[in-house]
Structures are given as C-alpha cells and as structure tokens.
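Just so you know, the sequences run in chain order Z and V. The first sequence begins at 1 in full-length UniProt numbering and counts up one residue at a time. The second sequence begins at 1 in full-length UniProt numbering and counts up one residue at a time. Think of the CB as a built atom: it goes at the ideal place given N, C-alpha and C, for glycine as much as any other residue.
Number of protein chains: 2
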Amino acid sequence: MDIQALRKAHPEHWMRAAAIRTLTLDAVAAANSGHSGMPMGMADVATVLFQNHLRFDPKAPHWADRDRFILSAGHGSMLLYALLHLTGYKQATLQQLKDFRQLGARTAGHPEYGHMEGIETTTGPLGQGIANSVGFAIAEEILRARHGKNVINHHTYVIAGDGCLMEGVSQEAIGLAGMQQLGHLICFFDNNNITIDGTVDMADITNQSARFVASGWHVIDIDGHDPVAIDDAIKAAKADPRPSMINCKTHIALGHAAQDTSKGHGALTDADQLKAAKEAYGWSGGPFEIPADVKSQWEAMGTRGAAAHAEWQARFDKLSKSKQDEFNRAFALDAPKKLSAAIKSFKKDASEAGKKVATRSSSEAVLGVINPIMQETVGGSADLTGSNNTKSPDQGVFNPDNRAGRYIHYGVREHGMAAAMNGMVLHGGIRPYGGTFMCFTDYARGAMRLSALMEIPTVYVMTHDSIGLGEDGPTHQPVEHLAMLRATPNTHVFRPADSVEVAEAWELALTEKKTPSVLCLSRQGLPLVRTDHKTKNMSAQGAYVLADAENGKRQAILMATGSEVSVAMAARDILEAEGIGTRVVSMPCWELFEAQEENIRKRVLPGGPVRVAIEAGVRTGWDKWLMGERGREQKSGFIGMPGFGASAPAPELFEHFGITAEATAQKVRDLIA
Amino acid sequence: MDIQALRKAHPEHWMRAAAIRTLTLDAVAAANSGHSGMPMGMADVATVLFQNHLRFDPKAPHWADRDRFILSAGHGSMLLYALLHLTGYKQATLQQLKDFRQLGARTAGHPEYGHMEGIETTTGPLGQGIANSVGFAIAEEILRARHGKNVINHHTYVIAGDGCLMEGVSQEAIGLAGMQQLGHLICFFDNNNITIDGTVDMADITNQSARFVASGWHVIDIDGHDPVAIDDAIKAAKADPRPSMINCKTHIALGHAAQDTSKGHGALTDADQLKAAKEAYGWSGGPFEIPADVKSQWEAMGTRGAAAHAEWQARFDKLSKSKQDEFNRAFALDAPKKLSAAIKSFKKDASEAGKKVATRSSSEAVLGVINPIMQETVGGSADLTGSNNTKSPDQGVFNPDNRAGRYIHYGVREHGMAAAMNGMVLHGGIRPYGGTFMCFTDYARGAMRLSALMEIPTVYVMTHDSIGLGEDGPTHQPVEHLAMLRATPNTHVFRPADSVEVAEAWELALTEKKTPSVLCLSRQGLPLVRTDHKTKNMSAQGAYVLADAENGKRQAILMATGSEVSVAMAARDILEAEGIGTRVVSMPCWELFEAQEENIRKRVLPGGPVRVAIEAGVRTGWDKWLMGERGREQKSGFIGMPGFGASAPAPELFEHFGITAEATAQKVRDLIA
C-alpha cells in the first residue's frame, strides 16, 4: 500500500482520517491495551461518512431523526470514540480518550451503551451490531410509515468486520434485512482479510458480496481507502431500494509496521513504530495533539447537522399536540395512561371467568388488550406464531408491502430476532416483544445478555416452558433455562401461574425502562389460581401469599412458579385435609421479590414452617429461598427435575418425574415427621 | 403436483417411498402428535439414497466405516425411524413405531442419540445436524489421512430444511465446510418453501444455492421427487471434490390434502384425509402394514451392506495388532495407558517449579504433554488460538493441504465449532476440544447443551473466565456463566486453581466417556496453590481440603474456585495470623463433589465453622454449599460479583468489586463476631 500516494491524492481528507489513526495509536499506547488496526483501516470510510453523509447533531445526541452509526466490530472502539471526540460530543472529552479502558472512564474497551452519548448500542461480541442494525432499520421503517417522512426519515449505517460476518447471527440479520428490503440500511464490510489467527482464508473463503446478493442485498465493491469511491458508493447505496452492503477492501493498521498482519489487529504500542507511522502520515505534534486546521474541519462536520436538526424540529413542532405527545411518550418509554385500567379490567374478567387456560393463550388475550392501546409495541416470533401466541388481530404484518404492520415474521432466527429487538428499543419509539420456545433461549442468549447489560426493556415471550410441552421431548424441554435466566444480572424472569399473573407480568414488562423481561409461559392449560380478584399487581412484589394455612397450625410453606403453582394448591388441599396448615407462595418473579425490603420477604416466607419448592426445572437457585433469610435453619425440600426431560404426553411426564400434588404432600409429611 | 404421474413413472420406487409416507402418517396418527409433512416430502430422496448409495449394515450399526446419515430437520424423525425399521435395525421394531412419542419408547419426538441404533446424533434444535455433519466429515478426513482409505473412506449425508438454513449456525457450518473442502459431505436441502408461519418468503428470500456457492460448495438443483434426478445428483456430488449441496425442490406432505401448506408441517391426523392420501398413493392395507414385496425390497437394502462390511473387516484385520488396538482404543474413548503417568509427572514438575502461571498457559503446557500421546485429540479455537492457548506444537493445522493436521482454525464461529466437535465425537475415533472466551459460551450454548443431553465427552476450553480479563470489559467478562454451566445437567464444569489442578482437570476430561467438560481458565497469572505435590487426582473428588486450620480452633471454612483459591489462601494467612483457624477448600468441580458419598462431603465441609465462598461470578448456586448438608444452619457469606463487570486493568477490578483477601477476612470476622 503506497500511503504516500494516498496522501497526495487527497491531502485534506488524508489528514482528517489521520486524526482518527493517530488518536487510536495514542489511546491504545496510553492504555497499553486495545485494538489499533481496525480504526486505522476504516478511518477513510468513517471520515467520508461523517463528512458528507451522516446526519447528526452532537449537541442533540438523542434527536429522534438522526442517522444511526453502529460499530459492529466493537473492538475497534477507538474509531467511535475518536469520531465522537472530533465532532464535538461533549462527553467525548480528550481526557476520556486518555483514560481509554480505565476504571470509571466512558471509553470502555468495547463501546458500552449508556456510557457516552453517541454510542448507539453495545458491541464487542461479534455480529451483534449488524444484527442490531436490522432492528434499527425496521424501527425507522415502521415509524416513517406511521409519522411520515417529515418526522422520521434517516439511515442506519453499520461497520462489520470479517468476524461479524463469520458469526452465524450475521446470516440471520442479512436474511431478515434482505427479505424486508430495508433500503435505509447500509453496511460497510471492513474487508481487511485479517483475523486474530491469521488471514481470513485460514477459516473462510466465502465471497461475502455474493453471499449478500444471494439474500437480496445491493452490493458495491470498493477500495476502502479511496474517498471518492467511498462517497460514490454511499450515494449509490442511498439511492437503491434494497439494503446495501459496501464491500470495502481495506488494510488493517494502515501505514503501521504491522499493516496487513494479525499483529495489527491488536494493541500497537511500540513507541518507535508508532513514531514511524505518524511520520508516514505526515503527522507532527505530540500524543493526542490534533493540528488546528484538522480539528476545525472535524468540528465543522459536528456543527453541520444543527441546521437539519432545526428544520426537523420546525416540522415536528407543526404536528398536533397529541401527535407530539404520543411520539414523545413512546420515545420516553412511558406507558399510556390507559394501560393500568385495561390490565385491571382484564384481570377482573379472567378471575371471574375462572377458565383453565394455557398461559401462552392468556398472553395472547392480554396482547389483544394491550396492542390496540400501545401503538409502540411490535410483536413477532421466530416462526412459531401460532405456538407462541404472539400475534394480536389488530397488528398487521410488517413487510415491504405494509410498513405500518406491527408484527414481524422473523423466520427461524432466534438470535437475529433478539438482536433486532434490541436494535428497535435502542432506536426508540418502539417496544418490541418476540417469541420462541423457551429452550431456544439457548440460541438467543448472546443478544439476551446484551439486553440486560445495556439496561433496555426488550421483552422475550418464551413459551413451552417445561416438560409440560410433552412429546417434543428433551431437546425442546427447558430444565436449566429458568436458572440460567435468573443467574443473569438485570433480567426479570416472570413465570406466571395463570391468566391474572400473565396480565400482571405484561404490565410490569411494558412499564419497565431499564430491565429486559422474560415471560415463561406454558403450552398446557393451567387452572386459575387467582380466584380472589385483587386490583393490586401482586406480581410486582415478586412473590406473595396465594393461600394461607386454614385448617391447623401453619406447618408448611409451599413455594412454586407457573404451572406448578396449581400443583402446590392441590398439595395444600391434601395437607389441609390432614390438618397440616399449609401456605402457598406464588413466586412469579424472584428478582422483584429480592428487591423488596427484608420485612416484606419475611412476612411472605417466615421462619419456622418446613419449606418445599415446586418447579419443573432444576433446583439451581432455589436453595436461596429454601434456606431462609440470613441462613436460618430451615427444613426443606425440592420437587422438580433431576436432569433432562423425556418425550411423552405431558401428564405422564409430570407423573414420571414425580412433580405432583401427592409427591409434594408426601415431601411435607416426611419433613415434619 | 400430479402424484399419479409420479407413481406411473417409477412404480416400484414409488411404493418404496410410499412405505415411508404411510408409516409416518400412521405413527403420527397413533401418537396424535408429531410432524408428518417433512418425511412425506423427503421420502423419495431418502429412498434413493438408501437404495443406491448409503453404505450401512443394520447388523453392525457401529461399523466405523459406515456412511453417516444425519437428519438435521429432526422434527421429521419419523423419516429416520421408518428408514431404520424398513431396513432392519433390530431396535427399530414395529412396536417402536406404534409407540412413537410415548414414554420410554426409543422413538422420541425428535431423534435422540443413544435411544436407538442408527440415530447418529440428536437433532431437533434446528441447524444442529448440519453443523454436526461438518464435524463428522472432518473426522472422516482426519482418520482417512491417518489410517488410509482402506480403513476409513465414507460419506456423510445430511438433510437440512429451510429452518436449518435460516439458523445462523448453518452459515458457520457452511463456511467451515466450504473452506475445508469437505468433499465427502453431501447436504440435501429439503426445499419445500414452507415453514410453520407460512411460505418461506414471508421471512426469507435467500437463494440458498447461490449462498452455498458463495462459500465454495458444489451445488445441484433438482426435483426432489424424481428418483433418476436424485440418483444422478448423488453420483455427481460424490464425484466432486467440494462439499455438495443438492437443492431438492419438494412438496411438503406430498399427496395429502395439506400438501404445500403450513398445516402439512405438523401432525396430520384426520382419518379421512389419511385414507385419501393412502388411496392416492395406491396403498392398501391397515395401519402400519407394508406389502410383502415392498418390505422385501427395503430389507434387501438393509442386507446389501453386509458384503461391503465384510470386505472392510478383512482389510481391517490385515492391519497390525497395534494399529488395530490403537484404532479400537480411540473409538472406544479409552485413554492410553501412558496418560496417567504423564499427568502425574507434569503435576510433580509444576508443583516443584512453583511458578505463577495463567491457567490458560498451564493448559497449553498440559496439552503439550497430552497431544503427543493421544493421537485422537483434535484441538481448535474460534479464532483465539493465541489467547485460548489451545495449540500444541506437534499438532499441525488441519486444512485441505494437510488432512493429518490435528488443529482446526474454526474461524469466528463458536456455535459452529461446538456443533462440529459434537459431530467429531459422535463419528468416533476423535476426542475434540475447542476454545473461545468463556463469555462466548453464550454463542455456543445450543450445541453445548446437546453435548450434555447426548452424553458425549466434548471438551470446551473457556479462557478469560472472569473480570480477571480486565480491559475488554463487561461484554467479555463472564459473571453468570459458571452458574449457567453448573445448572446444565450432565456437564462437568472445571475451574482449576493452578497448574496442578489444570492437569487434573484435563485428565478427568479426557478419561470421561459420557459427560462433556468445560475447563474455565484464567487470562491472568495465578500462583501455585498445590505446593504439596500429591500423586492422587484431588480434583476427581470435586472439592478437597487445600489447607486446614493450624493456628487456633477451626472457625472458618473458605470455599473457592480457580483464581479465587489463591485469594482464599491469602485470606487464610491473615486470619490464621489473628488466631482464627481457617480451612480452605478448593472446589474445582461441583458436579464431581456432589457425586461423592455424604460422609466425604461432610469431611470436607463439616458443620460448625462459618463458611465464606469466594468466586468472581454471581452467587447463584453457591447457597447449596453455604447452607450445609441437610439444610443445617450455617452462618455464611459470599464474596463475588454483584452484577456485570467493568472495563479496567484486572487488579483494579478485583479491588473495585471487593474480591480480595482482606474483604474475605473481614467477612469472616463479621460472621464470627
């Protein structure tokens, strides 16, 4: 690569891009860790994008109609931090660049959503950003259809590397975007042919351009260091109705001794090599110093968007007050005032009807009430719509012919769905929920963890939540998944017992702003246990007394969730008939219960009586509740799964694994004997 | 679809294929659940494959050089069960077909490895089978290179549906197979254009043939109901040096009223429609009845392979006794006799050297000892070879130019790697291990669960196992992953504390036949804690007393794993100096400890002293050990992670999150106060 020729051909562009390269080198050297090569390789693309195309206003980083810029290759975080600093985002101070990767800095090793304005999503786990970007672009399409292009009309740009494109989730994203013809989505492929282990062909010979074309994308191949070609490609991409992939042939760590090598992927900290690279760039000055003329050119990019933003604001201000309020409400993730009353009314009706209903069906009924009053919900399923019961009649299907549709057929793409939902929440204005079989949380885990880490309220509808799904067998029967989800920080795991608790779970999930929710729902019919209709959302306490000892001294507390709450109630009937006073505690959401004051927890789970937990999953995690507050002695037992399930009709499985009222009653008798 | 024309064109073939279709209809009707359409759609392909190509001997289902047949679209399990029954696998009785999906039957809802001979792998979670098949084909290449084509020379056939190909893991499999030029891998794509939610184009417009071509595959498009075309395609596929994809245009539920509809995907149980379908097929007789001439044609296919098997046996018998023994040993998953002594010697040297080493580096050193004496090991990494320390110098890299290589650059494909490793174990003759960052167990979960469910000893090397990885930050720092892995049934989760425990963990992982192992290893250097060299594998007990109270009455037990064992030892030093007798228990593998007799567990963790657990992860699961045997009262505490980590140098993070010797000592002081 003759970088002197590049310098001469476009000297001003060159110095702007060199600002990114040198800030990267300096920050990585200061941290003595990080990834230098990617920002250095993609500096030209990013410079042209920010200079000529990206619609953004650093003074208003949350402007709803800004273009989104997503760095899927998150290890190249210095590219993003440099861009935000150079264009004048106030949180992206020079000191932050100097504190790259240090405790408490906004400039974490990988871009962390919420740490710094301008970071649109957390990336680092490869493939997530490109899969998020599909959600951003879907959100843009839906909101453009709803509010008109005067209000929403922007692009989503994403940079993906070889690593992102080798990850399976990228195929799910590419397939979904291609089918949906997301014309406002533009992906730059940083085609540098280098991975950590060596050249890409050590592991992959995929023709990425052909692969994207196969899924319906518009593809342009360019030299990723030619600013004119970059600009032309972006123009062409914007003009095409399909999603575009710009395949940018680049050189990792351009101009450094480690250029085009695996070493260039990592931290380039050698002082002499750093000096040599800067000299080759024609760059003078000390670490973190930007020549005034270069800095002012970048600042000009940062101020350019103010005018577009002001014009947008003027258009927005012309909307009716109610339209503005509705728009702002959705972006603020505020629930509509009507929601609470609608849920209460649903609960009353369900309680009075007293029907045996699968909680997945109850969920469908609740959505039938919620979706019409919350236009920001966008539902979907990974090809299990009829099984997950995720679609309500009013939604319409989102596709290229119906951008106003609010239901997405994600295809058999659990991971892509989860990541796209994260993208929709992050875009703003949308509250997505999506369903699959609970066992396939395994496939979606990569994105579900990021919902929790980013503190965003994505909603997962996980049906077929135990051996209760029956004949499909152990590959489809979650047993460890409740434990896994509960072990994940900042995740609300709801396992409602009946229609009333389902409605309460949905209310909590859709009023939450910082925490993802997982609704674990049964395939099989469950009797109503909340026969005493209460207006209060009891699930908000996480756990509560469903029925207390009546016939005799309270000798036992049965704790259960979901489908096993009715098992506990039946066991209580047996025990009470024998004079063994028995309390049943329904625990639809452990995390909310843990968040209660100790006196509330003790009131629900007082010391003394023996405790038996009943859940058709593994025991992991239950010991916390079985051992009582502050480790007090507690005779206790567990009724649940010893390991994986089996293929058979569901009632036989519950008998086979001993998850029955009689087994529960016997456990209590043994404990109090 | 004019099925009468099909009948007339190839009447004998038609009836053979109809046997699959009618058995499927009858079994699904008997079970009143299941998936009819896929077996009915792919019956022609399967019939031609079994009749003209598949090399198999139902009398010897474990014959090492058989062709492998994998049903990635596992919901179509009746296709496989029908084939095994018709060709005479003795476990595939007619009664088993009648008991389809019933408790205790070998004919589970989805094919379960180990339930019935002839089931090569467990499928159902979509995409797994095609990803397994890549591992099968890699194993075949390696063993062919090693033993010669007189001993190993067979094909791997896999049927994948639209669902498999929409799952991201399929792209990882396709990319890996294409780069590796796995010419003995042949994939049939059941291109029926139907998914559960509707036609495929509701979610995907990918040109699958073009997609496979883009990754280096040989592709043939055919009518999947034309037996001549099917046969020609298989011949062409076998002749081509690349992996082949045969794109079979098929009709789901062929000949049934539900043909070409989503309904056809599921259970077709309507009696009248079933009768009409059988009439259209020209099929007479009652449920599960096969005309004698059709049955005998199928049986002939089943006996055809005996000759090839006998010829193979004759060739095999000509090998030297030592070659035969080595071949059989590897297929039996028996460790070589030398292993135990080699591990003991390594432990002695490590113990005497007393160096501070990262456990990932210790692992590399152990592999340097193991790999030369266990030729069946095949290592690899998902593009983190230098970080996972998974390659030993003797292995050589497996690629199209070096089929004898025993190290695989999997690319950035954690899920594909895990599934391919499962395929290698299932093939036989290979013990694979593969590495990534522990946080990315999230990506590999789908396949890791299947290792556990199938009871196969795949080995996962998960490095960078805590905040100890430092600056890469919370996206890369596992905190809930130990809990998740421990919650998974039949999984040995090792978190060794030093070089000695690493060697012990490897010994246990590589002598195990039924359980996958996960080795959780540190990025950061760890001091040697097993200074008193013992010959015995202490990790085999799961947990053991590393150091006991010396200066004073035993008042505290500190429990820890991995990098926190040395923290516990340092805390013990502090406490002992204060006269507080303190025991340290290292717990490298909970599952093995749980499997001990109660008296052993009580000897290690006696009641009385306060207990503090120290682990740089979430608390989930620890309560079991903190609360003591039989729920005895136990004052206890936990030093670990309250939630997600942060980006900073590792030592600062341990201070920041309070995972230190002093914090541990203070917790003990508080508890005994």
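Margin query: My parser needs the beta strand (DSSP E) runs of 3 or more residues fully inside the stretch 491-531 of chain V; what are they?
Written below: The stretch 491-531 of chain V contains these whole beta strand (DSSP E) runs: 492-494 and 517-521.
Check: How would you list, in chain order, the residues of chain V whose beta-carbon sits under 8 Å from the beta-carbon of Z/L103?
Finding: Taking the first sequence and counting its residues from 1, one reaches residue 103 of chain Z at position 103. Per Cβ cutoff of 8 Å: A646, S647, A648, P649, E652, L653 and H656.
Check: If we call anything under 7 Å between Cβ atoms a contact, is Z/R101 one with Z/A31?
Finding: In the first sequence, the residue the question calls residue 101 of chain Z occupies position 101. In the first sequence, the residue the question calls residue 31 of chain Z occupies position 31. In this structure, Z/A31 lies closer than 7 Å to Z/R101 by Cβ.
Item checked: Members of the stretch 351-369 of chain Z that neighbour chain V once the beta carbon cut-off is set at 7 Å -> Of all residues in the stretch 351-369 of chain Z, none has a Cβ within less than 7 Å of some Cβ in chain V.
Item checked: Limits of the unbroken alpha helix (DSSP H) element including V/H147 -> Position 147 of the second sequence holds residue 147 of chain V. For V/H147, the enclosing alpha helix (DSSP H) stretches over residues Q128 to H147.
Checklist line | Z/M78, enclosing alpha helix (DSSP H) - first and last residue | finding: Taking the first residue of the first sequence as 1, we reach residue 78 of chain Z at position 78. Under the DSSP assignment, Z/M78 falls in the alpha helix (DSSP H) whose first and last residues are S77 to T87.
Checklist line | Local conformation of Z/T71 per DSSP, three classes | finding: Locating residue 71 of chain Z in the first sequence gives position 71, where the first residue counts as 1. Reading off the sequence shown, one finds Leu at residue 71 of chain Z, where the question assumed Thr. Three-state result, Z/L71: strand.
Check: By the criterion of Cβ-Cβ separation under 7 Å, what are the contact partners of Z/K624 in chain V?
Finding: Numbered from 1 along the first sequence, position 624 holds the residue referred to as residue 624 of chain Z. Those within 7 Å of Z/K624 in chain V are D623.
Margin query: Z/A82 and V/N207 - do their beta-carbons sit closer together than 7 Å?
Written below: Translated into positions along the second sequence, residue 207 of chain V becomes position 207. Translated into positions along the first sequence, residue 82 of chain Z becomes position 82. Here V/N207 is not near Z/A82, since their CB atoms are 7 Å or more apart.
Notebook entry, point to check: Assuming Z/L526 contacts Z/A650 under a Cβ cut-off of 8 Å, what Cβ separation, rounded to an integer in Å, is found between them?
Noted result: Counting from one through the first sequence, the residue named residue 526 of chain Z turns up at place 526. Counting from one through the first sequence, the residue named residue 650 of chain Z turns up at place 650. Distance from Z/L526 to Z/A650 at the Cβ level is roughly 11 Å; contact not present, criterion being Cβ atoms closer than 8 Å.
Check: What residues of chain V sit near Z/T582, judged by a beta carbon separation below 7 Å?
Finding: Position 582 of the first sequence, counted from the first residue, corresponds to residue 582 of chain Z. The contact set of Z/T582 on chain V, defined by CB atoms closer than 7 Å, is empty, because the minimum CB distance reaches about 19 Å.
Check: When DSSP labels each residue in this structure, what does Z/I467 get in the three-state scheme?
Finding: Translated into positions along the first sequence, residue 467 of chain Z becomes position 467. Three-state DSSP puts Z/I467 in a helix.
Check: Should V/G581 and V/G617 be called a contact, given that it needs their Cβ atoms to be closer than 7 Å?
Finding: Here residue 581 of chain V is taken as the residue at index 581 of the second sequence, counted from 1. Here residue 617 of chain V is taken as the residue at index 617 of the second sequence, counted from 1. Their beta carbons are not under 7 Å apart, which means V/G581 does not touch V/G617 by this criterion.
Check: Between Z/R329 and Z/P336, what straight-line distance do the alpha-carbon atoms span, to the nearest angstrom?
Finding: Mapped onto the first sequence, residue 329 of chain Z falls at position 329. Mapped onto the first sequence, residue 336 of chain Z falls at position 336. In a straight line, the C-alpha of Z/R329 is about 8 Å away from that of Z/P336.
Check: Who are the Cβ neighbours of V/Q395 in its own chain at under 7 Å, not counting the five residues just before and after it?
Finding: Taking the second sequence and counting its residues from 1, the one referred to as residue 395 of chain V is at position 395. The answer, listed in chain order, is N371, G379, G405, R406 and Y407.
Next item on the list: Just mark V/R603 as buried or exposed, buried being the case when its beta carbon has 16 or more other beta carbons within 10 Å.
Entry: On the second sequence, position 603 is the one that residue 603 of chain V refers to. The residue in question, V/R603, is exposed, as its Cβ has fewer than 16 Cβ neighbours within 10 Å.
Check: If you pair each beta-carbon of the stretch 244-258 of chain Z with each one of the stretch 9-16 of chain Z, do three or more pairs fall below 8 Å?
Finding: Segment contact: the stretch 244-258 of chain Z against the stretch 9-16 of chain Z, fewer than three CB-CB distances shorter than 8 Å; contact not assigned.
Notebook entry, point to check: Hey, how far is the Cα of V/S77 from the Cα of V/A267?
Noted result: Locating residue 77 of chain V in the second sequence gives position 77, where the first residue counts as 1. Locating residue 267 of chain V in the second sequence gives position 267, where the first residue counts as 1. When rounded, the distance between both Cα atoms is 12 Å.
Check: Using DSSP with H/G/I as helix, E/B as strand and the rest coil, what is V/D223?
Finding: The sequence position of residue 223 of chain V within the second sequence is 223, counting from 1. If DSSP states are grouped into helix, strand and coil, V/D223 belongs with the strands.
Note to self: Taking 7 Å as the threshold (beta carbon to beta carbon), is Z/G631 in contact with chain V?
What the structure shows: By one-based count along the first sequence, residue 631 of chain Z stands at place 631. Summary for Z/G631: the model assigns pLDDT 44, below 50, so the residue's position carries little reliability; its value from the coordinates is reported in the next sentence. A Cβ of chain V is located within less than 7 Å of the beta carbon of Z/G631.
Check: In chain V, which residues lie with their C-beta within 7 Å of the C-beta of Z/V169?
Finding: Taking the first sequence and counting its residues from 1, one reaches residue 169 of chain Z at position 169. Ordered by position in chain V, the residues that pass the 7 Å Cβ test against Z/V169 are G168.
Item checked: Status (buried if at least 16 other CB within 10 Å, exposed otherwise) for V/L86 -> On the second sequence, residue 86 of chain V is found 86 positions in, with the first residue counted as 1. For V/L86, the number of other beta carbons within 10 angstroms of its own is at least 16, and it is reported as buried.
Next item on the list: Quick one: which residues of the stretch 468-492 of chain Z get their C-beta closer than 8 Å to a C-beta of chain V? List them in chain order.
Entry: For the stretch 468-492 of chain Z, the set of residues with a beta-carbon nearer than 8 Å to any beta-carbon of chain V comprises G470, E471, D472, G473, P474, T475, H476, V479, E480, A483, M484, R486, A487, T488, P489 and N490, in chain order.
Notebook entry, point to check: Z/V500 and Z/A350: beta carbons closer than 7 Å?
Noted result: For the purposes of this step, residue 500 of chain Z is taken as the residue at position 500 of the first sequence. For the purposes of this step, residue 350 of chain Z is taken as the residue at position 350 of the first sequence. Taking 7 Å as the Cβ cut-off, Z/V500 and Z/A350 qualify as a contacting pair.
Checklist line | Spatial neighbours of Z/A306 in its chain, beta-carbon cut-off 7 Å, leaving aside the 5 residues before and after | finding: Residue numbering aside, residue 306 of chain Z sits at position 306 when the first sequence is read from its first letter. For Z/A306, where only same-chain residues beyond five positions count, the Cβ hits under 7 Å are D57 and K59.
Notebook entry, point to check: What does V/L126 reach in chain Z if we use C-beta pairs closer than 7 Å?
Noted result: What you label residue 126 of chain V is simply residue 126 of the second sequence in a count that begins at 1. Contact note: V/L126 reaches chain Z through V412, using a C-beta cutoff of 7 Å and chain order.
Next item on the list: Starting from Z/T515, find everything on chain V with Cβ-Cβ shorter than 8 Å and list it in chain order.
Entry: Locating residue 515 of chain Z in the first sequence gives position 515, counting from the first residue. Chain V residues near Z/T515: none, gap ~12 Å exceeds 8 Å.
Next item on the list: With 9 Å as the C-beta to C-beta threshold (strictly closer), list the residues of the stretch 195-209 of chain Z near chain V in chain order.
Entry: From the stretch 195-209 of chain Z, only T195, I196, D197, G198, V200, D201, M202, A203, D204, I205, T206, N207, Q208 and S209 have a Cβ closer than 9 Å to chain V.
Note to self: Assuming V/D190 is part of the beta strand (DSSP E), what are its boundary residues?
What the structure shows: One-based indexing of the second sequence puts residue 190 of chain V at position 190. V/D190: member of the beta strand (DSSP E) spanning L185 to N191, first to last residue.
Next item on the list: Report the three-state DSSP secondary structure of Z/E629 (helix, strand or coil).
Entry: Mapped onto the first sequence, residue 629 of chain Z falls at position 629. Any reading at Z/E629 is ruled out, since the residue's pLDDT is 49, under 50, leaving its predicted position unreliable.
Next item on the list: Return the Cβ separation of V/I196 and V/A73 in integer angstroms, given the expectation that the two are a contact with Cβ distance under 8 Å.
Entry: Taking the second sequence and counting its residues from 1, one reaches residue 196 of chain V at position 196. Taking the second sequence and counting its residues from 1, one reaches residue 73 of chain V at position 73. About 12 Å; that fails the 8 Å criterion.
Notebook entry, point to check: Quick one, which residues of the stretch 26-49 of chain V are near chain Z if we go by CB-CB under 8 Å, in chain order?
Noted result: Those residues of the stretch 26-49 of chain V that come within reach of chain Z (Cβ to Cβ, closer than 8 Å) are A31, S33 and G34.
Check: Does any residue of chain V bring its CB to less than 7 Å from the CB of Z/L84?
Finding: For the purposes of this step, residue 84 of chain Z is taken as residue 84 along the first sequence, with counting starting at 1. The Cβ of Z/L84 sits no closer than 7 Å to any Cβ of chain V.
Notebook entry, point to check: Where does V/R304 sit, in a helix, a strand or coil, going by DSSP?
Noted result: As a position in the second sequence, residue 304 of chain V is number 304, starting the count at 1. In the three-state DSSP reduction, V/R304 falls in the helix class (H, G or I).
Next item on the list: Within 10 angstroms of the Cβ of V/H62, are there 16 or more other Cβ atoms? Answer buried if so, exposed if not.
Entry: Here the question's residue 62 of chain V lines up with position 62 in the second sequence. By the 16-neighbour rule on beta-carbons within 10 angstroms, V/H62 is exposed.
Next item on the list: Tell me the start and end of each unbroken beta strand (DSSP E) in the stretch 550-638 of chain V that is at least 3 residues and wholly inside, in chain order.
Entry: Runs found: 554-560, 581-586 and 610-614.
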